[in-house]
Structures are given as structure tokens and as C-alpha cells.
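Position 253, counted from 1, in the sequence shown is what the working numbering calls 265; the numbers after and before it change by one each time, with no gaps.
Ideal Cβ placement from N, Cα and C applies to all residues, glycine included.
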Amino acid sequence: MSLLCAASVAVFLSACGGNDAVDLLNPGSAWPPQPTVTGHRGASALRPEHTLASYQKAIDDGADIIEPDLVSTKDGVLVARHENEIGGTTDVAGILKFATRKATKTIDGIPVTGWFTEDFTLAELKTLRAKERIPANRPANTAYDGQFEIPTLQEVLDLVKKETLAKGRTIGIYLETKHPSYFKEIGLPLEKRLVDQLVAGGYRGKDAAVYLQSFEVANLKELRSLTKMRIVQLIDNPKNPPAPNGAPRNAPYDFVVAKNGRTYADMVTPAGLKEIAVYADVVSPYKEVIIPRTAANELGAATSFVADAHAAGLKVHTWTLRPENPFLPVSMRAPVVTSLSQRGDSAAEITAYLKAGIDGFFTDDPAVGRAAVTAFTKK
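Spelled out as C-alpha cells, the structure:
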């Protein structure tokens, strides 16, 4: 480490009241700054998602936190992918030796065909390369196809530590356990391995710059029994239609398995939010739970969700604020409004949610998110 870098780190450590590098990762309850900018799958509007390059870009562009989703390899290593099916995000479909690995599996009640991380060892996954998941929306990202590996959780943690030291500010990590009931069923449970790896990496309970999130409930309660790190209940769109096979998509999958009849709509009521507050610190709903869209696909009036969640003692983060036309309200789209890749006024949408009182948000372009927060907080 250079003398200049060492001096910068020493100043930052002194400001945080700590005396070693681990304290940078454990900033306590005053962290994170609000409103909080989380790089959703990194800076996924600018680099293929869930790659070290995407996370690096998010950090460079001012994200407070980066957000990896976690699945398991056959040999039990946690890796960053949005889904365990990797046909859409890697080059696996074009690799002849892996052709026989293609399979159809039932994931959360829905048949899925492709290639799955749990059928590959880490060494095998490391021979694959990432590609852009939605090239029609992000054609520029295809220039990076074939360049980046699938990162392990450990590699992401190492990047966060390195960049926290280099930039002199705490960079958080927002970790989603994907399909936890499924992975438990096949003998690759995620929860204890995740907590053990974080603890081994120097993260210390409630002071850690970590969020642990899931769309399910039982695994969050299990995580709460294992750690005091921040827990986040994700809420999907309560209006989701059933899957083509009739499987419900408007409820946590562990609720579906238990056949208890409860849905996300039950969870977003004042009573439901109070139940969430027993085991979670944050509730993170699909954005239209907070500001519904009108029939004309414009932003409507904000609901009482944020006030209800705050009354229950929960912070509110929302997802996902994306810059391309198809994801924006009609009046915020750029000409031509029918373009799949044209970028509209994402900052205006973000500002509307900040005005609704959220504590943080996920964005695919953290530079836009940071600029929107800066402008909003200066008013």
C-alpha cells in the first residue's frame, strides 16, 4: 500500500472510530447514507449483470451498495447469478461438452428448461463467460459478451473490501438468496453457508454493511436466527398472474408450499408489515406497490405503503428503477417512445419515489441514481 493510500485509510478509520480495516465493513447503525443508492446486479444497464465489471462500474458511479443474487454450484460454492438457470446469461448453450446438461426442472412450481448452476462444479462454471441478458434493451452491453467470468461470493466480497479501502467510504453488499426452498430441497441450503462466509470475511452482525434479502419468509426467519445482520423482506407484485401451468406467482413460494393461502397482498397491509417487522429491518416492495401505474401507464398517486411501513418500524427500499423506455412511465420516455433501448428520464421516476418517502432504491444505472439523489437532497 502506498503512503498516500495508507494515510487516506488511516484518516477514514479515525473518522469511523475504528482501529483496523474490518471496521470499514462494520460502520454501525448510522450507515447507509439516505436515500440509499443500490446498484441492482451492479450497473447492469452498462455492463452484463452479476459480473465483477458490473459491480465495479456501480461502485465507480457512486452506488452506496452493490446487489449480488446468490445461487449454489454442485460443489456447494455460492456464486452470483440472478437465476440458477444460466442459459440466458452465459455462453453455456454453445459449448458442446455441456449439451447433455440441458434439463427441465420445476423451480418454485414453474417448469424451466436450460442449464442450472447446481449441475456444474465451480471449476466447470469458471470456464463459462457471461453475456447480456436483455440485448434488445441493452445492445451496447453485448460488446462485453464473452469477457467476464461468473464471480463467486468470495470474489465479490474481496472486491467490496478492496474498493472500500481504495475509495475511503463504506461500500455495502445487498445479498439475495435465490430460490431458497428449492436449494434446501436438493441438499444445497444457502443460509448457514452465507452467514458463515460473511462472518469469516469480517462482517460483524448488526454493525455490518450487509443486507440479506429474499422473496420467501421462512429462510429470512432462519437467517434471523443465525445473525443480527440487516434482513430485508422482498415483496413481489401482488397482482402477478399465475404461471402458464397455474402455479401462483403472487405469494412467497414457501407460503405456496405450506398452502397457507397468504399472498404478498396480505403482507403489504399494516398488519402484515407489523409481522414482517418481527424478523426484518427493511421491506423492499415492487415499485408499483408504492406508486401504482394508471391505465395510461403513468405514475398514479402514492399509496400509504411507505407511511405504514415506517409506522411498523421498517425502512423502505424499492426495486427496480431502470433507464430504458419500456420500463418507464410513458411521459418519461424519450423519443421514439416505442424504442426498446432508448433511455428516458429515469431521474424523474427516481425523484417521484424519493418524494414518496422511500429510504432507498435499486437502480440499474447508479450514476443516474446518484445524480437524482444529489439533486433531490439539495432542494
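>> For V89, tell me which candidate among T48, A314, V168 has the shortest Cα-Cα distance.
In response: Translated into the one-based positions of the sequence shown, residue 89 becomes position 77. Answer by Cα proximity: V168.
> Is the beta carbon of A220 less than 8 Å from the beta carbon of L36?
Replying inline: For this step, residue 220 is matched to residue 208 along the sequence shown. For this step, residue 36 is matched to residue 24 along the sequence shown. Taking 8 Å as the cut-off, the Cβ atoms of A220 and L36 do not count as close.
> Whole-angstrom Cβ separation of R261 and V294, contact assumed at under 8 Å?
Replying inline: Against the sequence shown, residue 261 aligns to sequence position 249. Against the sequence shown, residue 294 aligns to sequence position 282. Contact doesn't hold; Cβ gap of about 22 Å is too wide.
>> Tell me the DSSP secondary structure of H94 in three-state form.
In response: Numbered from 1 along the sequence shown, position 82 holds the residue referred to as residue 94. Of the three classes helix, strand and coil, the one that applies to H94 here is coil, per DSSP.
>> Whole angstroms are fine: how far does the CA of T164 sit from the CA of S84?
In response: Here residue 84 refers to the residue found at position 72 of the sequence shown. Here residue 164 refers to the residue found at position 152 of the sequence shown. Taking the CA atoms as reference points, S84 sits about 10 Å from T164.
> Is the segment 249 to 257 touching the segment 205 to 220, taking contact as three or more C-beta pairs under 8 Å?
Replying inline: The segment 249 to 257 is not in contact with the segment 205 to 220.
>> If distances are taken between C-alpha atoms only, which option among I98, I146, I198, E203 comes closest to E161?
In response: As a position in the sequence shown, residue 161 is number 149, starting the count at 1. Among I98, I146, I198, E203, the Cα nearest to that of E161 belongs to I98.
> Does the beta-carbon of P80 have 16 or more other beta-carbons within 10 angstroms, so that it is buried, or is it exposed?
Replying inline: Position 68 of the sequence shown, counted from the first residue, corresponds to residue 80. Note on P80: 16 or more other CB atoms within 10 angstroms of its CB, so buried under the neighbour-count rule.
> Which full runs of the beta strand (DSSP E) of 3+ residues lie inside the segment 31 to 114, going along the chain?
Replying inline: Runs of the beta strand (DSSP E) lying entirely within the segment 31 to 114 and spanning at least 3 residues, in chain order: 48 to 52, 77 to 79, 81 to 84, 90 to 92.
>> Taking the straight line between their C-alpha atoms, what separation do you get for T139 and V91?
In response: For the purposes of this step, residue 139 is taken as the residue at position 127 of the sequence shown. For the purposes of this step, residue 91 is taken as the residue at position 79 of the sequence shown. Each residue's alpha carbon lies about 14 Å from the other.
>> Just verifying my parser: in three-state terms, what is the DSSP assignment at A307?
In response: Counting from one through the sequence shown, the residue named residue 307 turns up at place 295. Coil.
> When the Cα atoms are used, what is the spatial distance from L25 to L238?
Replying inline: Here the question's residue 25 lines up with position 13 in the sequence shown. Here the question's residue 238 lines up with position 226 in the sequence shown. With a pLDDT of only 39 at L25, under the threshold of 50, the placement of this residue in the model should not be trusted, and no figure is reported.
>> Please report the straight-line C-alpha distance between E130 and K86, rounded to a whole angstrom.
In response: In the sequence shown, the residue the question calls residue 130 occupies position 118. In the sequence shown, the residue the question calls residue 86 occupies position 74. Going from the Cα of E130 to the Cα of K86 covers about 4 Å.
> Would you report the Cα separation of K179 and R216, rounded to the nearest angstrom?
Replying inline: As a working mapping, residue 179 is identified with position 167 in the sequence shown. As a working mapping, residue 216 is identified with position 204 in the sequence shown. For K179 and R216, the distance between alpha carbons rounds to 21 Å.
> Using DSSP with H/G/I as helix, E/B as strand and the rest coil, what is V207?
Replying inline: Residue 207 sits at position 195 when you count from the first residue of the sequence shown. Three-state result, V207: helix.
> Hey, out of Y276, I77, V244, N257, whose CA is closest to P123's CA?
Replying inline: Position 111 of the sequence shown holds residue 123. Nearest C-alpha to P123: N257.
> Residue range of the alpha helix (DSSP H) that K390 falls in?
Replying inline: What you label residue 390 is simply residue 378 of the sequence shown in a count that begins at 1. Taken as a continuous stretch (DSSP letters only), the alpha helix (DSSP H) holding K390 covers 378 to 390.
> CB A384 to CB I362, shorter than 8 Å?
Replying inline: Residue 384 sits at position 372 when you count from the first residue of the sequence shown. Residue 362 sits at position 350 when you count from the first residue of the sequence shown. In this structure, the beta-carbon distance from A384 to I362 falls below 8 Å.
> Nearest to G100 by CA position, among T133, E144, R53, A308, is which residue?
Replying inline: Here residue 100 is taken as the residue at index 88 of the sequence shown, counted from 1. Residue E144 is the option with its Cα nearest to G100.
> Can you round the beta-carbon distance between V49 and D72 to whole angstroms, since I take them to be within the 8 Å contact cut?
Replying inline: Numbered from 1 along the sequence shown, position 37 holds the residue referred to as residue 49. Numbered from 1 along the sequence shown, position 60 holds the residue referred to as residue 72. Contact annotation, V49 with D72: C-beta distance approximately 13 Å; criterion of less than 8 Å not satisfied.
>> Taking the alpha carbon of G40 as the reference point, which residue from Y156, G74, G199, I183 has its own alpha carbon closest?
In response: As a working mapping, residue 40 is identified with position 28 in the sequence shown. Minimum Cα distance to G40 is reached at I183.
> How would you call G29, buried or exposed, if buried means at least 16 neighbouring beta carbons within 10 angstroms?
Replying inline: Numbered from its first residue, the sequence shown carries residue 29 at position 17. Legend: pLDDT at G29 = 41, less than 50; position of this residue unreliable, no value from coordinates given.
> How long is the line joining the alpha carbons of V23 and Q46, rounded to whole angstroms?
Replying inline: As a first step, residue 23 must be located in the sequence shown, where it is residue number 11. As a first step, residue 46 must be located in the sequence shown, where it is residue number 34. Note that V23 scores a pLDDT of 38, beneath 50, so its modelled location is shaky; the value from the coordinates is reported in the next line. Looking at the backbone, the Cα of V23 and that of Q46 are separated by about 23 Å.
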